[in-house]
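Undergrad:
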Amino acid sequence: MTVRRTLVLIFGLVLVSIIAKNLVWYLNPPFRLHRAGYDFDYSTLNYIQFFILFLIPSIAAVFLYRADFKIINNFYNRTAGAVKKLFLAGSKNQEAVLVIAVTVFWIFNLMEYAFFRTLIENKNPFDLPFDTFHEGLKLGSLYNFLNNDQGLNQMFIHGYFLDILTPYLAYLIAPENHGVMGYRVLFTLETLLCWLGSIWIIWEIVNFTTEQENKILPKIQFILFSIVFVACNGSFLILEYQVGFMLLQLGLVLHFLRKVTYSDSSPKFILVVSFIIGLSVPLGLLYATKYGMIFSVVFVLAIFLLFFHEQYKLFLLGSSLGATFFGTIACLMLGWEQVLEIGKTFVYLLEFFYARFTMPFISDANEHYLWIPQLVIGILIICGIQIIVNFKQSKNFQSFIRENTHLIILLSLSIMVSKIALDFSDKTHFRTIAPVSLFLLFASTAGWMNRLDELRYLIIQSYTTHKTTCVLVFIFLLFINMHPKEAFRHVKPYWKQISTTDEEILARKGYSYLMAVEEMRPEIKNMECFYTLTSESGWYYFFKKPSCSRYHSLVFAIGKAATDEIIDALRSKHPEVILFSNYRSFRSFDGSRSHPELYKFIYKNYRPYKLVGNHWFWKRSSGGIAGAQVTKLDITSSITNLIYDSFQGVVILEGILNLKSIYNIDSIYITPSDHKTPLTTSIYDNMIRVKSGFLEIPWSIEILMTNVLPETKSFQLWGYSSGNHERIKIGEEFTLDHSKINIGNMYVFK
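Residue numbering for the sequence shown follows the working numbering, starting at 340 and increasing by one per position.
Have a look at this one:
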């Protein structure tokens, strides 16, 4: 049998088998349930279906074997001719094939990591299908911005573009009720910006060489560095969406340094590029505060290092004009007061932000990820040694600075971002510092290659001699590090995903979010503002209400002054309903630990109102829980478990309530024996069982001992009924040993 007939037979059988499978699947009755029961005899139907699967391809095989299709023969002739021409063209232009392979490699990876991972299957930072904290933080600021007459004075932001403009642009471009996906599309573009900036930096690094006549080695380095960068994504590094603009700034700085170091740059070029760099400094601060401040330090360092270049004065002039120009534009557009408000936010973040979110560097939570900072440390050591060697081999200090400015900047930047890993010591932030360190490793490797003449000559000679083999190896390495299926299998669902409404996304979230929004929206729509203690700012977006306080996410209200500001806002705007807690309150951010005064205010002015799913809404009430009438019930309680948890600084109490008759108790709370104001509250467990004529109901509650004075020894358990607005004294007073909680290492922000 000829090759053509063999191919016709194989491809024909594949096609016919697919048709047969779909036919059998279509004929399959819907009542056939796998492992659900065996009362029905499936054997006869199984035989028929198998016979169809066997018979149709068999008949097709006989037909295909005996047939000789002229159309198919002509198709094979044309295909073979085209493949032959393509192969010959590829053999003559191997570098063009390699360029195409690199381009396809980056297109596939950008489609996968910037689009597919964000819009369809993103795992970080979003907790799909909707992240009520991270996405909610941005979308929640929208109605603060739209309903705010005083601008940023009534908002807390840590990136004007990311926190304000991105959700506002989503609001403008997205249809009604599609704001979440509108924001996610813009977030995808911000992620794409990170990848494009990374590609630019790698390109500038490999071309930062004195060997301008050598074009082979930079291409090889670019391919290998690209493969390493993509292969490390997810395991060693993460490109955080906030870092995109800083990577573009860094790419521009490296491009400028390369031009002024190894070519005769015109004054016009120096002025234009330095003007753009200077303009980008205040723009970066508005884009993302954290990375804007980091690049500002890099900019100051670059000014100092360029002092040893002949073009220092032109750079200083151009960058100063750029920074002044954009600063003036920002003041005119935002207003001087708004610019000062952003400046206050910078100072606030420097003072409180890192201390609020710091974690132990060595802990059980991150012991499996310490290899990441260890590799970063190794890179820093290697680069440090290289700089020392370069210094010893340099003619003078000025030539050393000129030739190693890019290395010094990347090393300094790597050290600065390492501070982030030390402040936020977890696997995610370990990986966010890795990209800059990897760029440093690339620059260091390229630097060594420039100095090792024998090795460089060997690589170039080997590539020239075995060009075809090297090209095939590179194409193979590129191919195994890209995933066409992951990159393009969801191109069609992208449009379906983008058209998803806000309600559909919230419904997929589960945990009764949509039910809570729909039930509470009629009550909240007439309120001036809304507030949640869960730090989930997404509630403001779905209720279409601004936050009562500029700290729309409680987790960013750090220090007693911020707490007092929230209390004053709630006291003056007196929202009728607030969200007190839900399932995330104890999984993510527990505000009672850092804001005891705020919770004391809530206990005195609000009372439990509705529990929708797991979302506990409280209503404004004079006197709060303590203002409820005391009623007496035949009820007793016993503590079955008492745990002193020094790690969290809490005492966990579990027990059983015994009632003779049914009474609707919604929540329980604990007070000092000589006070009415609750120390802590908990949703009541409605699991009821009958034992010896009594109704037994389990309960559990936590007391944060950092909020309890050491002299407070006696406590009382209470029950509360929201329907009757009554409180019930449960059992007798009990004592807790404050000394069993080691709170010596804990602190409260002042």
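Glycine is no exception: its CB is placed at the ideal position from the N, C-alpha and C atoms. Fair warning: this is a prediction, and the values are worked out from it, not measured in the lab.
(1) Taking DSSP as the reference, what is the three-state secondary structure of Asn997?
(2) Which residue marks the beginning of the beta strand (DSSP E) containing Leu761, and which one marks its end?
(3) Glu1035: which of Lys958, Lys999, Leu478 and Ser1061 sits nearest, CA to CA?
(4) Who are the near neighbours of Thr298 in its chain, counting only those whose CB is closer than 8 Å to its CB and skipping five residues on each side?
(5) Would you report the Cα separation of Ile681 and Tyr938, rounded to the nearest angstrom?
(6) Verify the CB distance criterion: does Thr527 have a CB-CB separation below 8 Å to chain D?
(7) Helix, strand or coil: which one does DSSP assign to Gly962?
(8) Quick one: residues in its chain with C-beta nearer than 7 Å to the C-beta of Tyr870, no 5 flanking neighbours on either side, listed in chain order?
(9) Would Phe634 and Val612 qualify as a contact pair, given that the criterion is a beta-carbon distance under 8 Å?
(10) For the alpha helix (DSSP H) that Thr684 lies in, which residues bound it at each end?
(11) Using a threshold of 8 Å, state whether the C-beta atoms of Pro1011 and Phe1054 are closer than that.
(12) Helix, strand or coil for Phe813? Go by DSSP, reduced to three states.
(13) Following the continuous alpha helix (DSSP H) through Ser1115, name the residue where it begins and the one where it ends.
(14) Determine the extent of the beta strand (DSSP E) in which Thr970 is found, giving its start and end residues.
(15) To the nearest angstrom, how far is it from the Cα of Ile798 to the Cα of Leu556?
(16) Would Leu950 and Asp1005 be called neighbours here (beta carbons separated by less than 8 Å)?
(17) Skipping 5 residues on each side, what residues in its chain have a beta carbon closer than 7 Å to that of Gly617?
(18) Pop quiz: Glu1065 and Ala967 are said to be a contact at Cβ under 8 Å. What is the actual Cβ separation, rounded to whole angstroms?
(19) May I ask you to report which of helix, strand or coil DSSP gives Ala359?
(20) Kindly give me the distance between the Cβ atoms of Phe685 and Met632, rounded to whole angstroms, as I take these residues to be in contact under 8 Å.
(21) Going by the beta-carbon positions, is the gap between Ile974 and Leu992 smaller than 8 Å?
(22) Give every residue of the same chain whose Cβ lies closer than 6 Å to the Cβ of Ser751, excluding the five residues on either side of it in the sequence, and list them in chain order.
(23) Could you pull out every residue in the same chain whose Cβ sits closer than 7 Å to the Cβ of Asn1046, ignoring the five residues on either side in sequence?
(24) Could you please give the first and the last residue of the uninterrupted beta strand (DSSP E) stretch that includes Val1047?
(25) Between Leu893, Tyr948, His1077 and His954, which has its C-alpha nearest Ser480's C-alpha?
(26) For Gly717, does the count of other Cβ atoms within 10 angstroms reach 16, so buried, or fall short, so exposed?
(27) Check the C-beta distance from Tyr1059 over to Ile964 and give it rounded, since I have them as a contact under 8 Å.
(28) Which residues share a DSSP beta bridge with Pro1037?
(29) Ignore the nearest five residues each way along the sequence and tell me which others in Glu862's own chain have a CB closer than 8 Å to its CB.
(30) Measuring CB to CB, does Met859 end up less than 8 Å from Phe956?
(31) Per DSSP, what kind of secondary structure is Ser658 in: helix, strand or coil?
(32) If you follow the alpha helix (DSSP H) that Phe595 is in, where does it begin and where does it stop?
(33) Taking 8 Å as the cut-off, decide whether the C-beta atoms of Ile1080 and Met1044 are in contact.
(34) Pull up the distance between the alpha-carbon of Phe595 and that of Ile609, whole angstroms please.
(35) Would you list the one or two residues that DSSP bridges to Val989?
(36) Using C-beta distances below 7 Å, list every residue in its chain close to Val582, excluding the 5 sequence neighbours before and after it, in chain order.
TA: Put simply:
(1) Here residue 997 refers to the residue found at position 658 of the sequence shown. In this structure, Asn997 counts as strand in the three-state DSSP scheme.
(2) Locating residue 761 in the sequence shown gives position 422, where the first residue counts as 1. No beta strand (DSSP E) contains Leu761, which is instead part of the alpha helix (DSSP H) from Phe736 to Asp762.
(3) Position 696 of the sequence shown, counting from 1, holds the residue named residue 1035. Comparing Cα-Cα distances from Glu1035 to each of Lys958, Lys999, Leu478 and Ser1061, the minimum goes to Lys999.
(4) Nothing about residue 298 can be reported from this structure: the residues present for the chain run from 340 to 1089 only.
(5) For the purposes of this step, residue 681 is taken as the residue at position 342 of the sequence shown. For the purposes of this step, residue 938 is taken as the residue at position 599 of the sequence shown. Cα-Cα distance, rounded: 28 Å.
(6) Note that chain D does not occur in the displayed structure, where there is just one protein chain.
(7) Here residue 962 corresponds to residue number 623 of the sequence shown, with the count starting at 1. In this structure, DSSP gives Gly962 a state outside helix and strand, which the three-state scheme calls coil.
(8) Translated into positions along the sequence shown, residue 870 becomes position 531. Once the five neighbours on either side are set aside, the close Cβ partners of Tyr870 are Ser886, Cys887, Ser888, Leu909, Pro914 and Ile917.
(9) Here residue 634 is taken as the residue at index 295 of the sequence shown, counted from 1. Here residue 612 is taken as the residue at index 273 of the sequence shown, counted from 1. Against a cut-off of 8 Å, the Cβ pair of Val612 and Phe634 comes out as no contact.
(10) One-based indexing of the sequence shown puts residue 684 at position 345. Counting along the chain, the alpha helix (DSSP H) containing Thr684 begins and ends at Trp675 to Tyr687.
(11) Along the sequence shown, one-based indexing puts residue 1011 at 672. Along the sequence shown, one-based indexing puts residue 1054 at 715. Cβ distance < 8 Å, so Pro1011 and Phe1054 count as in contact.
(12) Reading the sequence shown from its first residue, position 474 is the one you call residue 813. Under the three-state reduction of DSSP, Phe813 is assigned to helix.
(13) In this structure the chain extends from 340 to 1089, so residue 1115 is not present and cannot be described.
(14) Position 631 of the sequence shown holds residue 970. Unbroken beta strand (DSSP E) run through Thr970: Gln968 to Thr970.
(15) The residue you call residue 798 lines up with position 459 of the sequence shown. The residue you call residue 556 lines up with position 217 of the sequence shown. Their Cα atoms are separated by approximately 8 Å.
(16) Looking up residue 950 in the sequence shown gives position 611. Looking up residue 1005 in the sequence shown gives position 666. Yes.
(17) Here residue 617 corresponds to residue number 278 of the sequence shown, with the count starting at 1. Non-local beta-carbon contacts of Gly617 in its own chain, meaning distances under 7 Å to residues more than five positions away in sequence, involve Gly657, Ser658, Ser659, Leu660, Gly661 and Ala662 in chain order.
(18) As a working mapping, residue 1065 is identified with position 726 in the sequence shown. As a working mapping, residue 967 is identified with position 628 in the sequence shown. The pair is a contact, with the Cβ atoms about 6 Å apart (cut-off 8 Å).
(19) Position 20 of the sequence shown, counted from the start, is the residue given in the question as residue 359. Here Ala359 carries a helix assignment [DSSP, helix/strand/coil].
(20) By one-based count along the sequence shown, residue 685 stands at place 346. By one-based count along the sequence shown, residue 632 stands at place 293. Indeed, because the Cβ distance is near 7 Å, the residues count as touching under 8 Å.
(21) One-based indexing of the sequence shown puts residue 974 at position 635. One-based indexing of the sequence shown puts residue 992 at position 653. The beta carbons of Ile974 and Leu992 sit no closer together than 8 Å.
(22) The count along the sequence shown starts at 1 and reaches residue 751 at position 412. Once the five neighbours on either side are set aside, the close Cβ partners of Ser751 are Leu640.
(23) Within the sequence shown, numbered from 1, the residue matching residue 1046 stands at position 707. Pro935 and Leu1018.
(24) Your numbering for residue 1047 matches position 708 in the sequence shown. Premise fails: Val1047 is in no beta strand (DSSP E) and is neither H nor E.
(25) Sequence index remark: in the sequence shown, residue 480 carries index 141 (1-based). Ranking Leu893, Tyr948, His1077 and His954 by CA distance to the CA of Ser480 puts Leu893 first.
(26) Numbered from 1 along the sequence shown, position 378 holds the residue referred to as residue 717. Exposure of Gly717 is indicated by the presence of fewer than 16 other C-beta atoms within 10 angstroms of its C-beta.
(27) Taking the sequence shown and counting its residues from 1, the one referred to as residue 1059 is at position 720. Taking the sequence shown and counting its residues from 1, the one referred to as residue 964 is at position 625. About 6 Å separates the beta carbons of Tyr1059 and Ile964, which is inside the 8 Å limit, making them a contact pair.
(28) Against the sequence shown, residue 1037 aligns to sequence position 698. By DSSP's assignment, Pro1037 forms a beta bridge with Ile995.
(29) Along the sequence shown, one-based indexing puts residue 862 at 523. The residues are Glu915 and Val916.
(30) Walking along the sequence shown from the start, residue 859 turns up at place 520. Walking along the sequence shown from the start, residue 956 turns up at place 617. A contact, by the Cβ cut-off of 8 Å.
(31) If you number the sequence shown from 1, residue 658 lands on position 319. Three-state result, Ser658: helix.
(32) Against the sequence shown, residue 595 aligns to sequence position 256. Membership of Phe595 in the alpha helix (DSSP H) is indicated by the continuous run Gly583 to Tyr601.
(33) Translated into positions along the sequence shown, residue 1080 becomes position 741. Translated into positions along the sequence shown, residue 1044 becomes position 705. Contact flag set, yes.
(34) The residue you call residue 595 lines up with position 256 of the sequence shown. The residue you call residue 609 lines up with position 270 of the sequence shown. Rounded to the nearest whole angstrom, the CA to CA distance from Phe595 to Ile609 is 8 Å.
(35) Here residue 989 refers to the residue found at position 650 when the sequence shown is read from its first residue. As a beta-bridge residue in DSSP terms, Val989 pairs with Asp984 and Leu1043.
(36) The residue you call residue 582 lines up with position 243 of the sequence shown. Excluding five sequence positions before and after Val582, the CB atoms of its chain that fall closer than 7 Å to its own CB belong to Cys533 and Tyr630, given in chain order.
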